[in-house]
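Residue numbers (the numbering used here): 376 to 1205. C-beta: ideal position from N, C-alpha, C; glycine also. A short write-up of the structure that comes next.
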Amino acid sequence: MAEYDPQAIEAKWQKNWEEQRAFEADPDPDRAKYYVLEMLPYPSGTLHMGHMRNYTIGDVVARYRRMRGFNVVHPMGWDAFGLPAENAAIQRGIHPREWTLGNVVEFKKVCGRFGFSYDWRREIATCDAEYYHWNQWIFLRMLERDLAYRKKSRVNWCPKCATVLANEQVVNGCCWRHEDTPVEVREIEQWFFRITRYAEELLKDLDGLAEGWPERVVTMQRNWIGKSAGARVRFAVAELAGKTVEVFTTRIDTIYGAAAVILAPGHPLVAELLAGLPARAEAEAKLAQMKQASAKAEDLATAEKTGFATGRHAVNPFNGEKLPIWVGNFVLMEYGTGAVMAVPAHDQRDFEFCTKYKLPIPIVIQPTDGAPLSAETLKEASTEYGKLVNSGPYTGLTSEEAIRRMTADAEARGFGRGEITFRLRDWGISRQRYWGTPIPVIYCQRDGIVPVPDDQLPVRLPEKVAISGQGQSPLAGVPEFVNVKCPKCGGAARRETDTMDTFVDSSWYFLRYLDPHNSKKPFEPELARYWFPVDQYIGGIVHAILHLLYSRFLCKVLRDLGFVQASEPFTRLFTQGLVLKGGTAMSKSKGNVVGAMEMAVKYGADTGRVYTLFAAPPEKDMEWSEQSVEGCARFLKRVHRLMERHAPSVRAHAAGMGDLASASEKEKVLLRKTHQTLRRATNDFETRWHFNSAIALIMELVNEIHAQEPFGDAVRPAVLKEVLELLTLMLAPMAPHIAEELWEMLGHNGGLIQASWPQYRAEFAAEEQVEIVAQINGKVRAKIVVEVGLDEDSLAARAMGDPKVAEAIRGKQIVKKIVVPDKLVNIVVR
RNA sequence: GCCCGGGUGGCGGAAUGGCAUACGCGGGGGACUUAAAAUCCCCUGUCCUUAACGGGACGUGUGGGUUCGACUCCCACCCCGGGCACCA
């Protein structure tokens, strides 16, 4: 007997699949397509089992769908631009491309070793000019439509690196490379994508994703977009004729309760207000201090509210009341108008601020039920809707009515209007980095911002660059790159030296897979018409907002450019759990990784796959256990031995179940267990993706086959072959190599890779007898075995005939009998 | 603070409102073996009771509720994990 040898088996079948190009998929109008995709990986150094879980899940789905007859496209590629490559370059003195492509080679090797069924003809790397050419092309189309624009904005700045950092490179308010250096806020010119133009649609289309996306991801996106309906109201500055300040409020009904108008420290009006005032110098010092404060979100949220009065006043347009204008650290320039009216009685932040600075706290909303509010006893703001008081002509209205009428009146009287505001901000895509897509614009003294003409694309990244991690974009130090002629006037001009955020790369790659080598367009719309959208997307919850939102945005942009028809890129989204070791997520930096290649070498890919599927349902986090890995290895060995024992005697026979009437008892048991397993496993594959319980079921089936051994003459070869074939087919998506081997042992010439998922047969799965639970007052008192389908009365009679039941109910009054056919009898007695 | 997810044996986990703990790990015992490994078989929630076979009670974070019957549904709360966070 040959021992199960995963190394040999896996190499053999991987070669076989490659030779028959088993995973190459092309459009076929006669077959239903299925696009399954795992999130584009960043090819970092070490691949561990945390990564492999994601791809294993995707591969099981891809293989299962193929077995169900779908034309499955399952591509893979590399998110190859990014900072780690630049840092590696600095640390090791090698070019980022070299480092990245070296990792890609490793990554591909591991993917192959795990038997992932990718169509490698479609492989892309975002750092190839062949790919980023089309980033630039899309950028230019967006520029034409005013979807890309340049403006000054606040960014994270590390003084030690002397460069801008992405939000994700800010760790605890400090630079990720200088952990003791707080990030500063600076204002610089940057390129933006106008994602806010799609805010309403991005929000509305979430409704359509509720079916196929995890609820929490939909909720997170909804909150992130943060739509809020309110009004914009203009206040005149009392001391400066013609000057006004606009505030945004969702509670215009509380405007008679305003105690002040508060501006963000960065508000453009602040300087004008302070000009000419005696306390100006002092105020400006306070202002500078506020602007220096930590930009960290948690700090912002918990920092004590501070502010100062400017000495100027704003006129409440509703009642002419003069309100002091303050500057407050809690007012955000980025949201609304950068100015708020402070209504301390009905907003908690305003309450804290006004209490601290001893501003009045007038009450203008009384609750419709409960005790009325009084200024003396108010401990916190009352933010509920209610009835208006002390509000001039609006007194007595409900909040809802007041909001409607006051908004209309403000508009009629010309000092305000209703407005929808979003929390979502435009996407800053400029990075002062080398290893990314060059932004294809040129700055000309005469012509200003000039797009690089399409026929001059791609703007290639120069290879020879000094990457120091210091100062500005390294590209600025390459004169051949920077100094160009203006495409319009031919005069001397400078090329943009910033590169694009790598999230641009990953926001449309799933379309490039469909036509990866097109040199005329980003992709052929006809191909997208067949394959797109992605039917099943699989990845980590980490990308719940950024990547998934950007991809949705670019999909809509490409739709409006006429390239795709779908408005949403991912019909279904699956977010898999983390792989933990020692309680924390596997990561190289924490040193708690189990290497993917080591795993494959020690146990084989199938064991690695089966274990990651078996340890927990795929959406949950799982804790790595080496001992459980061994359990899975044992299981596969056991299956292999089972086949070695029986394949020789069945391989010459055709599989067939015959009919039940002539079946022996052992045959019935085997067929029943097999078809029950198939029924439940199919359900697990189709609906819940609970591969852990699918594997458990198959283990049970194997145990049952063991329990029925030896078979002797009681099990005919055709029946046994049927059982073993179904077992093999069920194993195929999860442990594809050993399944192919078992299939061959069973006498098949053609590969399992062409086989279909089997259909279970109800007549074989059906039990002849069932065990019925007999309960007294809901407690189990006996179990009786009866034939299936026994009617309620007979079942009740049989239960009561059981000695234990009879004993329990003797002398008691029967109140009620509950009978569930084929399940239980519950007798309620008193 | 707000929004998700979760809490079941020693561990990972399983259960359309109907036998709680399937399957696997670990542990214990046995078979095979000169021995070990590998393999195969049996046992393995807690407590009480019995010489034993067996019998009984309790048991899915806590407290209530609905129901003939609750891990599952409802209400309140506790704990753990994650996300968002001065959004006017």
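Rounded distance between the beta-carbons of residue j and residue i, thought under 8 Å
i	j	result
threonine 874	glycine 811	3 Å
aspartate 981	glutamate 413	Not a contact, Cβ separation roughly 19 Å.
arginine 798	glycine 966	About 38 Å; that fails the 8 Å criterion.
arginine 806	glutamate 461	Not a contact, Cβ separation roughly 10 Å.
alanine 1030	lysine 1096	4 Å
isoleucine 1147	alanine 1174	7 Å
valine 1190	valine 1204	6 Å
valine 879	arginine 870	Not a contact, Cβ separation roughly 18 Å.
methionine 353	leucine 1117	A question about residue 353 goes unanswered here, because the residues of the chain that appear run from 376 up to 1205.
Sequence-distant residues of the same chain with beta carbon closer than 7 Å to residue i, five excluded per side
i	result
glutamate 709	Arg800
proline 992	His1065, Asn1067
alanine 619	Note that residue 619 is threonine in the sequence shown here, rather than alanine. If we look at threonine 619 and ignore the five residues flanking it on each side, its Cβ neighbours are Arg609, Phe610, Ala611, Val612.
phenylalanine 623	Gly605, Arg607, Gly711, Thr712, Glu794, Thr796
lysine 931	Tyr573, Glu576, Ser942
Simplified DSSP state of residue i, which is helix, strand or coil
i	result
lysine 697	strand
proline 747	coil
glutamate 394	helix
asparagine 1215	A query on residue 1215 cannot be resolved here, the shown segment of the chain reaching from 376 to 1205 and no further.
methionine 974	helix
proline 1178	helix
isoleucine 817	strand
glutamate 673	Per-residue confidence for glutamate 673 stands at a pLDDT of 44, beneath the threshold of 50, marking its modelled position as unreliable; no derived number is given.
histidine 423	strand
glutamate 1162	strand
glutamine 807	coil
proline 908	coil
cysteine 861	coil
glutamine 389	helix
phenylalanine 726	helix
leucine 1214	What is shown of the chain runs 376 to 1205, which leaves residue 1214 out entirely.
phenylalanine 1086	coil
arginine 1185	coil
proline 826	strand
Sequence-distant residues of its chain with Cβ nearer than 8 Å to residue i (five each side left out)
i	result
glutamate 1079	Val1044, Leu1045, Lys1048
proline 381	Tyr978, Gly979, Ala980, Asp981, Thr982, Leu1011, His1112, Ile1113
isoleucine 1073	Thr1052, Ala1056, Leu1102, Met1105, Leu1106
glycine 487	Gln389
N-terminal and C-terminal residue of the alpha helix (DSSP H) that residue i is part of
i	result
glutamate 943	Counting along the chain, glutamate 943 falls outside any alpha helix (DSSP H), and DSSP gives it neither H nor E.
phenylalanine 989	980-989
histidine 508	504-519
lysine 895	Run containing lysine 895: none; DSSP gives neither H nor E here.
phenylalanine 797	That residue, phenylalanine 797, is in no alpha helix (DSSP H); its beta strand (DSSP E) goes 791-797.
methionine 414	That residue, methionine 414, is in no alpha helix (DSSP H); it is neither H nor E in DSSP.
glutamate 575	574-579
asparagine 462	458-467
N- and C-terminal bounds of the beta strand (DSSP E) containing residue i
i	result
leucine 1099	Element bounds for leucine 1099: not the beta strand (DSSP E) but the alpha helix (DSSP H), 1092-1106.
glutamine 1068	According to the sequence displayed, residue 1068 carries serine and not glutamine. Looking at the DSSP string, serine 1068 is not in any beta strand (DSSP E); the run it does join, the alpha helix (DSSP H), is 1066-1083.
glutamate 559	559-568
tryptophan 532	523-533
phenylalanine 683	682-690
alanine 1137	That residue, alanine 1137, is in no beta strand (DSSP E); its alpha helix (DSSP H) goes 1137-1140.
Nonlocal neighbours in the same chain, by C-beta distance under 6 Å from residue i, ignoring five residues either side
i	result
tyrosine 430	Glu413, Phe491
alanine 613	His688, Val690, Lys697
valine 939	Ala903, Phe907, Leu933
arginine 529	Val560, Glu562
aspartate 910	Tyr409, Tyr410, Thr946
At least 3 beta-carbon pairs within less than 8 Å: the segment 1076-1092 vs the segment 1032-1049: yes
Inter-stretch contact at 8 Å, needing at least 3 Cβ pairs: the segment 713-721 / the segment 630-639: yes
How about the segment 784-798 and the segment 656-665: do they share at least three Cβ pairs that are nearer than 8 Å? no
Report yes or no: do the segment 918-937 and the segment 587-595 share at least 3 C-beta pairs separated by less than 8 Å? yes
Are the segment 736-743 and the segment 751-758 touching by the rule of at least three beta carbon pairs closer than 8 Å? yes
Decide if the segment 1119-1131 is in contact with the segment 994-1005; the criterion is three or more beta carbon pairs, one per stretch, under 8 Å apart. no
Within 8 Å, do at least three Cβ pairs link the segment 810-825 to the segment 508-515? yes
Measuring CB atoms only, is the segment 392-400 touching the segment 437-450, in the sense that at least three cross pairs come out at less than 8 Å? yes
Counting pairs of beta carbons, one from the segment 882-895 and one from the segment 492-499, are three or more of them closer than 8 Å? yes
Tell me, please, whether the segment 959-975 touches the segment 416-436 by the rule of three or more beta-carbon pairs shorter than 8 Å. yes
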